[in-house]
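Participant: One structure, as structure tokens, below. Some questions next.
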């Protein structure tokens, strides 16, 4: 395990974890302690926010191109330290080697793409009948509270931080307590790029730390990725303080497979979309909707594919699936499978938990709408198959959810593909692929219904993290009624 600086990063300096109240971060494979995570005190949180607020005077006034150069320096740090970043990510979060390399590559590419987003800082000029100059400008909001999740910690942290920084804001970052060491490694890359002190600050701890960060009067917006239940609480808290929120929340994403598809391709899409990172991604395919005329052939091929996947310690780079992140996640999966079995579903493979935080990839058939694994987000390695006769039936099943994040449509009929796409109640739809798509990296990402509020990346993030100001310049003296 590569050594990191485990601690808080405030105003350009590290405060080491062993000098503070702390808790352990453990490897989900074997429960071994990897490092210590500080529980941020009220004073340390205050110091972090004040440092970020003070740094606004420097960072917010830099030309956009100079801020971009800093992000490019951070990208270079990631390129130069690939091995140690990947080692920490695998050890702390149970990521397979392929998933860890995807995150690293995405992080580098995202930093490079975001570095160009300062171009969205342009305002508009409006016509005027009397020659008055009327225009808008954009300015940074201020200190942004970024709260990132444990499942894809590099990607989902870098999005928040880079999007906020390029728009001229400063950041106080609070990662999930389950992926704090990985995010400390991320912050090391920023520290090595020598950003001005206070521009990026890292605090760690449990939920009360995040709530205090949102409540602080100097934080102006919240960027959060996590569960819908937590997102609702954050939206309520921030709304009461008139603070902006960008929320990327849970999903119960459907993959719709029509009868004209290449079955081998459909199987590959299904296995990847549903099982990548043990299904612990908000865009994972959690409902597999297959047209009835091909369901038997499809299921037979899918079983063969799933049974050939290798589960184990992801430090072995040949492993396809690693452990679940926590016992709580295992318990949810077990509950969903047992509930489905009780209500009549058939477990075709997997479905039996016997080894620590490992849960086998599981295929189920005979799934109905009254089952937990149809209604509730599972976040686990389950592939629940449901049949449908008509396209409209598939759309109805897919939309029967409190969530609306992503969806996938597999068909060779373009007209049918667009018919489905235009009727799916989701923020994103991917034709010719599953719901688990996060490229191109500057696409505006987000969901509807219980899956979130607002959009991330590119122009959407720049507008979310800046304030619009209207300015008029009067060339002649206006008249007044009194």
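Residue numbers (this note's numbering): 743 to 1224. Think of the CB as a built atom: it goes at the ideal place given N, C-alpha and C, for glycine as much as any other residue.
May I have a chain-ordered list of the alpha helix (DSSP H) segments no shorter than 4 residues that lie completely inside the segment 821 to 895?
Facilitator: Taking only runs of at least 4 residues, the alpha helix (DSSP H) segments lying wholly in the segment 821 to 895 are 824 to 835, 839 to 856.
Participant: Nearest-angstrom Cα distance between residue 1077 and residue 1121?
Facilitator: The straight-line gap from Cα to Cα measures roughly 12 Å.
Participant: What number of angstroms, rounded off, separates the C-alpha of residue 1022 from the C-alpha of residue 911?
Facilitator: Their Cα atoms are separated by approximately 31 Å.
Participant: What are the partner residues of residue 967, as DSSP defines its beta bridges?
Facilitator: Answer by DSSP bridge pairing, in chain order: 990.
Participant: In the DSSP assignment, find the beta strand (DSSP E) that holds residue 1165 and state where it starts and stops.
Facilitator: Segment: none, residue 1165 is in no beta strand (DSSP E) and carries neither H nor E.
Participant: With a threshold of 16 other CB atoms inside 10 Å of the CB of residue 1059, please say whether the residue is buried or exposed.
Facilitator: Label assigned to residue 1059: exposed.
Participant: Taking contact to mean at least 3 C-beta pairs separated by less than 8 Å, is the segment 858 to 872 in contact with the segment 795 to 811?
Facilitator: The segment 858 to 872 is in contact with the segment 795 to 811.
Participant: Per DSSP, what kind of secondary structure is residue 1042 in: helix, strand or coil?
Facilitator: In this structure, residue 1042 counts as helix in the three-state DSSP scheme.
Participant: Hey, out of 1018, 948, 1173, 1030, whose CA is closest to residue 842's CA?
Facilitator: With distances taken between Cα atoms, residue 842 lies closest to 1018.
Participant: CB residue 988 to CB residue 1174, shorter than 8 Å?
Facilitator: Not a contact, by the Cβ cut-off of 8 Å.
Participant: Suppose contacts are defined by Cβ-Cβ distances below 8 Å. Is residue 1229 in contact with residue 968 by that definition?
Facilitator: Nothing can be reported for residue 1229, as the shown portion of the chain is limited to 743 through 1224.
Participant: Per the contact definition of three or more C-beta pairs closer than 8 Å, is the segment 811 to 825 in contact with the segment 924 to 936?
Facilitator: Touching, yes, given that three or more Cβ pairs across the two stretches are closer than 8 Å.
Participant: Given this structure, state the Cα-to-Cα distance separating residue 1002 from residue 1027, to the nearest angstrom.
Facilitator: If I take the Cα positions, the gap works out to 20 Å.
Participant: May I have the straight-line CA-CA distance separating residue 884 from residue 832, to the nearest angstrom?
Facilitator: Cα to Cα, the separation comes out at about 34 Å.
Participant: Just to confirm the assignment: which complete alpha helix (DSSP H) runs, minimum length 4, are found wholly within the segment 1025 to 1086?
Facilitator: Here the runs fully enclosed are 1037 to 1049, 1069 to 1084.
Participant: Give the DSSP-derived three-state secondary structure of residue 1141 in the structure shown.
Facilitator: Here residue 1141 sits in helix by DSSP.
Participant: Round the Cβ separation of residue 776 and residue 834 to the nearest angstrom and send it over; I've been treating them as touching at under 8 Å.
Facilitator: That pair is a contact at about 6 Å.
Participant: Using C-beta distances below 6 Å, list every residue in its chain close to residue 854, excluding the 5 sequence neighbours before and after it, in chain order.
Facilitator: Hits under 6 Å: 817.
Participant: Out of 852, 923, 773, state which residue places its alpha-carbon closest to the alpha-carbon of residue 902.
Facilitator: If we check each option's Cα against that of residue 902, 852 comes out closest.
Participant: Name the DSSP bridge partner or partners of residue 996?
Facilitator: BP columns for residue 996 point to 1029, 1149.
Participant: Relative to the C-alpha of residue 1201, which residue among 1191, 1218, 1183, 1212 is closest?
Facilitator: Closest option to residue 1201, Cα to Cα, is 1183.
Participant: Within the same chain, show all residues whose beta-carbon is closer than 6 Å to that of residue 1119, passing over the 5 residues directly before and after it, in chain order.
Facilitator: Cβ within range, chain order: 992, 994.
Participant: Mind listing, in chain order, the continuous alpha helix (DSSP H) runs of no fewer than 4 residues lying wholly within the segment 892 to 971?
Facilitator: 895 to 908, 922 to 934, 949 to 957, all fully within the segment 892 to 971.
Participant: Need the endpoints of the beta strand (DSSP E) that residue 983 sits in, please.
Facilitator: Careful: residue 983 lies outside any beta strand (DSSP E) and carries neither H nor E.
Participant: Looking only at DSSP bridge pairs, what is residue 767 linked to?
Facilitator: Answer is 777.
Participant: For my contact list, residue 999 and residue 1152 are in at a C-beta cut-off of 8 Å; report their separation, rounded to the angstrom.
Facilitator: Right, their Cβ atoms sit about 5 Å apart.
Participant: Give the single residue among 914, 950, 1013, 1154 whose Cα lies nearest to the Cα of residue 1029.
Facilitator: Comparing Cα-Cα distances from residue 1029 to each of 914, 950, 1013, 1154, the minimum goes to 1013.
Participant: If you reduce the DSSP assignment to three classes, tell me which class residue 788 lands in.
Facilitator: Reduced to three states, the DSSP call for residue 788 is helix.
Participant: Per DSSP, which residues does residue 1124 bridge with? Please list them.
Facilitator: Its beta-bridge partners are 1104.
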